């Protein structure tokens, strides 16, 4: 009997996979906001599980360790919210007030660049771009500062969703191992139990490391910008930290901040660029290897593809989960090809970032 050709198998697998992804996307949309609540609770549980385990190694019962960890985490979160949000809103309002002066000085500097572009016959109209930015940016910043408080108030209004997230986080910390074991038993079977454990370790290490890197990058860049005397250092540093949560986001955020400063003051822009490169290299060479280990990563094209697919299926939730799931699928396939279960390959794309 003739075996089907590889092209035929590929032609059958591809539409089936596409159909499954489409069905997953529809399911996520149908069950919102429950899916987002559950994923957020799972992420919080992943992040808080490390201090809980550490307390257990010191002789604490898990229930007491979970209670103490959740209490400290909630206190820290409330403290940061009450201190950072007013400061960020104040800087946004100051930036909005100073925007006309900043735009005027930018016009003067960009005029010279525009003349150089015209002399070189390059079809780039910076004046048109700046006019569009001038027309839209003030309203955007005003809306953003208002929306920060609106988001906080809406979050407080959604008491049921917040409480549900906290309760789910608490119970996932208490019984997460049993729940995860049951899910992986059903999904992978007893013989593939190490595969389920590998998936858990990948997700847990990924999100813990990602938030750690984002917090470290944001804090260091805020201090660097303050030392250099850059206006709105808190706002810019927090922006870089938020970008760091995404793959390649640290480079993108630093580039945006450097360009924004260089337009106003090229000398300061150069200092910020040098400082950003030094900080990024120190973190990549010293912190990332200790935090993540030396791991073989996904290629950049696959990281971007995973992000696009995740965004299409589940929006921001899909973007958050795309990279660790894609990295796990890659390591799982490699493990099956080699006849073994995949190792704990976490933070796959960071190795690519350093190349």
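In our numbering, the protein residues as written are 1 to 355.
Every residue, glycine too, gets a C-beta built ideally from N, C-alpha and C.
Quick caveat: nothing in here was measured; it's all calculated off a predicted structure.
Assuming residue i is part of the alpha helix (DSSP H), what are its boundary residues?
i, result
"residue 243", "233-244"
"residue 287", "Where residue 287 is concerned, there is no enclosing alpha helix (DSSP H), given that its DSSP letter is neither H nor E."
"residue 60", "Where residue 60 is concerned, there is no enclosing alpha helix (DSSP H), given that its DSSP letter is neither H nor E."
"residue 264", "249-264"
Contact check, residue i vs residue j under 8 Å by CB: the rounded distance?
i, j, result
"residue 69", "residue 52", "5 Å"
"residue 275", "residue 224", "5 Å"
"residue 247", "residue 323", "6 Å"
"residue 228", "residue 271", "6 Å"
"residue 45", "residue 172", "4 Å"
"residue 319", "residue 268", "No, residue 319 and residue 268 are not in contact; Cβ-Cβ is about 32 Å, not under 8 Å."
"residue 43", "residue 207", "6 Å"
Whose C-beta lies closer than 8 Å to the C-beta of residue i among residues of the same chain, with five residues either side of it excluded?
i, result
"residue 21", "309, 313"
"residue 211", "47, 245"
"residue 216", "283, 287"
"residue 214", "241, 242, 244, 245"
"residue 174", "62, 63, 66"
"residue 258", "269, 272, 273, 276"
If you compare alpha carbons, which of the options is closest to residue i?
i, options, result
"residue 66", "77, 54, 76", "54"
"residue 164", "324, 33, 325, 236", "33"
"residue 98", "279, 232, 35", "232"
"residue 316", "262, 29, 330", "29"
"residue 238", "251, 222, 229, 228", "222"
"residue 321", "94, 257, 219, 205", "205"
"residue 84", "43, 218, 175", "218"
"residue 255", "74, 82, 273", "273"
"residue 253", "94, 280, 50", "280"
"residue 250", "268, 264, 220, 267", "220"
From the DSSP output, in three-state form, read off residue i for me.
i, result
"residue 17", "helix"
"residue 228", "coil"
"residue 330", "helix"
"residue 202", "helix"
"residue 300", "helix"
"residue 32", "coil"
"residue 293", "Confidence is the limiting factor: at residue 293 the pLDDT is only 49, short of 50, which leaves the residue's position unreliable, though a coordinate-based value still follows. It is coil, neither helix nor strand."
"residue 309", "helix"
"residue 78", "helix"
Who are the near neighbours of residue i in its chain, counting only those whose CB is closer than 7 Å to its CB and skipping five residues on each side?
i, result
"residue 77", "none"
"residue 167", "none"
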